[in-house]
Structures are given as C-alpha cells and as structure tokens.
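Just below is one structure, and these are the notes that go with it.
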Amino acid sequence: MIKNIVFDFGGVIAPISRDRAVEAFIRLGLTDAGTRLDKYHQTGIFQQLEEGKIDANTFQERLGELCGRKLEWEETKEAWLGFFTGVNPDILTYLEDLQTRYRLFVLSNTNPYVIDWACSSQFSPSGKPLNEYFDKLYLSYKIGYTKPDNHIYDFMIKDASLIPSETLFVDDGPANIEKGKEFGLHTFCPLNGEDWREKLKNILQSLA
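Everything in the sequence shown is counted per our numbering, starting at 1 for the first residue and increasing by one.
Set out below in structure tokens:
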C-alpha cells in the first residue's frame with residue numbers, strides 16, 4: 001500500500017520549457033545560454049548553484065561576468081523563471097486532495113531563485129505557496145547533491161523515514177526514475193507538462 005508520494009517539481013508540478021529559459025538568459029546577456037542550460041541537469045555555475053556549491057550571490061556575480069554587466073536579484077530570478085510556463089490549478093487542487101490520504105514530498109533539482117518564487121504567494125492563483133501542498137521539500141541546493149546522485153535519494157529516504165515499498169516517486173526525468181527504482185521506490189514517469197492526474201489515480205489503485 002502506498003503511504004508516501006514524492007513529486008519532482010519542474011516538469012511535473014510546474015511544466016518547464018528549456019527554450020523559453022534559453023531565450024530569457026540570452027536577453028539577460030548570456031549569449032551562449034543554449035549550450036549551458038538543460039531540462040534535467042545543469043552544468044558549470046548553473047550546476048554549482050543547484051548543488052549548493054556556490055550561493056546565489058556568487059552565482060549572480062559569476063553570471064554577471066559572463067553577461068558583461070552587474071546583475072540584480074530580480075532580473076536573475078526572472079531569467080530562471082523562464083523555465084516555467086505556468087501551473088495547472090487543477091493539479092494543485094488534486095494535490096490538496098492527495099494530502100488528506102498520503103504524505104507528500106518534493107524532490108527537486110533547483111535553486112534559491114526558483115524557490116523564492118515557488119514558496120511565495122505568487123506561485124498559485126489562490127496565493128498558496130508550494131510548501132503548503134507538501135509535508136516537506138527536498139531541494140538539491142540545500143542537500144548538496146542533484147538527482148540522480150545516490151546521496152539525494154538516500155538523504156530523503158532517511159530524513160522522511162520512508163519505506164520504499166510504500167512510496168511512489170513521480171518524475172519526468174528517465175534517469176531520475178531509474179535511480180528511484182534502484183532504491184526500491186515505485187515509480188511513474190509522466191511527460192513534461194502532462195496532466196497526469198488520471199494515470200496517477202490508476203497507479204495508486206493498482207498499488208492499493
């Protein structure tokens with residue numbers, strides 16, 4: 001029986017567009033953004049930020065050097081938010097329903113700029129922030145590792161006292177899903193931006 005559901009954030013809760021993000025960073029002044037950004041796993045200073053190896057201020061300074069000018073927090077955040085195309089309010093309502101029956105968690109490769117938006121009243125039409133839909137958020141930049149590294153899964157499982165056989169992991173990244181399987185988690189890999197509610201209901205019924 002499933003007692004816990006772990007969701008990825010970008011691509012599952014909030015659909016993402018790498019192309020829009022590339023355009024946003026190019027507007028910021030990063031002319032080679034297309035070679036630096038990825039849907040699932042970043043590189044360089046972007047990866048260092050998401051792994052917590054550098055803080056937001058250091059990232060902003062180094063990104064500013066690449067862009068050839070000093071950057072402000074808000075414009076840097078807006079560029080990061082270029083990844084996101086909006087949140088389906090029906091999915092948020094469904095999460096509220098799931099909260100009454102399951103422990104819910106987020107496991108996300110992310111950074112302070114994205115979370116500044118997600119954990120604010122700007123996240124949802126109702127003004128409810130991301131963290132209020134979940135028991136706890138497990139964020140790469142706070143843990144120090146990104147999916148699919150073993151450490152981030154191990155940390156979450158131990159910290160949340162998860163029993164893998166009682167846990168469903170939902171992520172749109174195939175490599176992340178494969179790692180979840182190695183830890184004994186039940187898994188579901190929807191497409192980025194898909195309305196996965198009906199499929200998830202069927203999976204939960206099959207595992208009841």
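Beta carbons: idealized from backbone N, C-alpha and C, even for Gly.
Candidates the options: which alpha carbon is nearest residue i's?
i: residue 164; options: 182, 22, 136, 171; result: 182
i: residue 89; options: 124, 99, 101, 135; result: 124
i: residue 22; options: 162, 106, 184, 78; result: 78
i: residue 15; options: 112, 64, 194, 42; result: 194
i: residue 119; options: 108, 131, 37; result: 131
i: residue 85; options: 185, 198, 160, 13; result: 13
i: residue 148; options: 169, 37, 113; result: 169
Can you have a look at residue i and say buried or exposed, based on whether 16 or more other CB atoms are within 10 angstroms of its CB?
i: residue 208; result: exposed
i: residue 174; result: exposed
i: residue 60; result: buried
i: residue 127; result: exposed
i: residue 121; result: exposed
i: residue 110; result: buried
i: residue 44; result: exposed
i: residue 38; result: exposed
Below 8 Å on the Cβ atoms is my contact criterion, and I expect residue i with residue j to pass it. Report the Cβ-Cβ distance as a whole number of Å.
i: residue 2; j: residue 102; result: 7 Å
i: residue 180; j: residue 51; result: The pair is not a contact, with the Cβ atoms about 19 Å apart (cut-off 8 Å).
i: residue 98; j: residue 5; result: 6 Å
i: residue 63; j: residue 76; result: 7 Å
i: residue 46; j: residue 106; result: Contact doesn't hold; Cβ gap of about 20 Å is too wide.
i: residue 186; j: residue 167; result: 7 Å
i: residue 197; j: residue 91; result: 7 Å
Which parts of the region 108-181 are runs of the beta strand (DSSP E), unbroken and 3 residues or longer, counting only runs that do not cross its ends?
-> 136-139, 167-170
Mind the definition here: the region 62-81 touches the region 22-32 only if three or more C-beta pairs lie below 8 Å; say whether that holds.
-> yes
Whole alpha helix (DSSP H) elements within the region 5-81, 4-residue minimum = 18-28, 33-36, 44-50, 56-67, 73-80
Counting only runs of 3+ residues fully inside the region 80-109, write out the beta strand (DSSP E) ranges in chain order.
-> 103-108
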